[in-house]
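Here's the structure we're looking at; comments come further down.
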Amino acid sequence: MAVTPAEILIPDISLAHKGKETLIYDIKQVQKVEQSQCNVRQQLLDGLMDPISPSIPSILLWDDIGLKLFETLTLNPRYAPFHSELGILNQRVEEMVDIIPSGSLLIELGCGSLHKTSIILSAFERQKRYVTYYALDVSRRELVEGLGKLRALFGQSKYVKLRGLLGSYEDGIGWLSQYVTTGNGHDEGDDGAGPKMVTFLWVGNSIANFAPDDAAVLLQGFSVMCESLNLSCQFLVGVHTCQDEAKVLASYDSTEPALCDFIFHGLDQANQHLQEEVFRRGDWICRCEFDSTDHMLRVYYEAAREVRIELGGDHERVFNCGDRILAIVSGKWTVEDIQQMCGGVGLEVSRSWRSVDYECEFHAIRPQ
């Protein structure tokens, strides 16, 4: 049975302000959430038992606590990607907003602290362009806190409307179909005719936390949905492009407490899913490596001594000193990498902006 928008769209009145509300719509499907929780545990077991490349699901790092820990890391002056991306936005944001028609939807994939978002929305305000902004995230707390900050800046704006979507990227694809086909929100633009375009905003190199093929599939999913709805779309994607190994590793210094706290949170989460203390922090160290061949940074848990872990039943795994478990990857993709990824799914890079230190780029991506 199909779920109607009225049944899944739940306003969060905690953001009410001077007679108005910033609405957060719960677009999650309960059955899928329960399946996802079971799948994470199974992915964890499968990853740990992989005889060649053991790993943990990176999703374990991205709960509310993990997001806060990562934000602390990005604010470290030594974490160059965050500051380079801010530099592009501060210098070139007017050009970026120029490619987004007035009356558009702007959907951010993962909301984070929304500091960069405020720079973009301020440009809409200055240019007197109408936009309805949706922050899409799996964390209700991040949405409430982030949108609350934006509301302090744009709550009385004539041009900027703020909304939240509580769900996964896949949930967002399904929601977009209901948004357009039911007519919900079609008075959001400056002329009441509905959105002229959807721009998906993906900042902070988040796209490169996926393998290139997986990132391409996700972009394709949004693009194909928009095409089926006769809706124009584009992506505005921020990526870290630095290929200097020393500079990359300086930003991901494994001796830095902020990085270690974030990475080891993944082991804490693994213990919760396994319902016992399988991992002890003192048994592991954080290790970072940059591969200049595939332009990927990989962060590992490296065994500091022989570690024997029991995973229930007959599942047991011995890690010798120096053995590794993959925690997370972060691509440092060149424009050629982005073009190759997009070309395979019918997309292309239409415009790019580069930071003055050549460490970050923004790309506008559109269907071919």
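So the sequence shown is numbered by full-length UniProt numbering: it starts at 1 and just counts up by one.
Virtual Cβ for every residue (Gly too), placed ideally from N, Cα, C.
Spatial distance of residue i from residue j (CA atoms)
i           : j           : result
residue 238 : residue 314 : 45 Å
residue 265 : residue 92  : 36 Å
residue 291 : residue 126 : 42 Å
residue 280 : residue 141 : 28 Å
residue 355 : residue 241 : 10 Å
residue 310 : residue 278 : 7 Å
residue 333 : residue 294 : 9 Å
residue 144 : residue 284 : 35 Å
residue 258 : residue 197 : 39 Å
residue 41  : residue 219 : 26 Å
residue 86  : residue 312 : 46 Å
residue 71  : residue 330 : 16 Å
residue 121 : residue 176 : 21 Å
residue 412 : residue 133 : Lying outside 1 to 368, the shown extent of the chain, residue 412 is not represented and no answer is given.
residue 81  : residue 171 : 29 Å
residue 223 : residue 271 : 37 Å
residue 216 : residue 246 : 28 Å
residue 352 : residue 73  : 27 Å
residue 195 : residue 89  : 24 Å
residue 340 : residue 357 : 24 Å
residue 203 : residue 321 : 37 Å
residue 211 : residue 343 : 15 Å
residue 114 : residue 282 : 35 Å
residue 160 : residue 26  : 21 Å
Beta-carbon spacing of residue i, residue j below 7 Å
i           : j           : result
residue 136 : residue 107 : yes
residue 252 : residue 286 : no
residue 69  : residue 261 : yes
residue 206 : residue 110 : yes
residue 338 : residue 299 : no
residue 326 : residue 248 : no
Cβ-based neighbour list, residue i, same chain, cut-off 6 Å, excluding 5 preceding and 5 following
i           : result
residue 274 : none
residue 221 : 173
residue 319 : 303, 307
Same chain, Cβ closer than 8 Å to residue i, five either side skipped, listed in chain order
i           : result
residue 366 : 233, 234, 235, 347, 348, 350
residue 94  : 123, 126, 127
residue 317 : 48, 49, 54, 308, 309, 311
For residue j and residue i, believed in contact at Cβ under 8 Å, the rounded distance
i           : j           : result
residue 117 : residue 166 : That belief does not hold up - the Cβ atoms of residue 117 and residue 166 are roughly 17 Å apart, past 8 Å.
residue 84  : residue 130 : Actually they do not touch by this definition, with Cβ atoms about 30 Å apart.
residue 138 : residue 168 : 6 Å
residue 323 : residue 303 : 5 Å
residue 389 : residue 78  : Lying outside 1 to 368, the shown extent of the chain, residue 389 is not represented and no answer is given.
residue 225 : residue 263 : Going by Cβ atoms, the distance from residue 225 to residue 263 rounds to 34 Å, so no, they are not a contact pair.
residue 256 : residue 76  : 7 Å
Own chain residues within Cβ distance below 7 Å of residue i, not counting five before or after
i           : result
residue 157 : 125
residue 368 : 346, 347, 348
residue 7   : Low per-residue confidence applies at residue 7: pLDDT is 36, beneath 50, and the placement is therefore not dependable enough to give any value.
residue 47  : 54, 55, 56, 57
residue 43  : 57
residue 180 : 229, 231
residue 162 : 22, 133, 147, 150, 151, 154
residue 59  : 40
Outcome for residue i when other beta-carbon atoms lying within 10 angstroms are tallied against a minimum of 16
i           : result
residue 307 : buried
residue 361 : buried
residue 96  : buried
residue 269 : buried
residue 49  : exposed
residue 395 : Only positions 1 to 368 of the chain appear in this structure, which leaves residue 395 out of reach.
residue 336 : exposed
residue 52  : exposed
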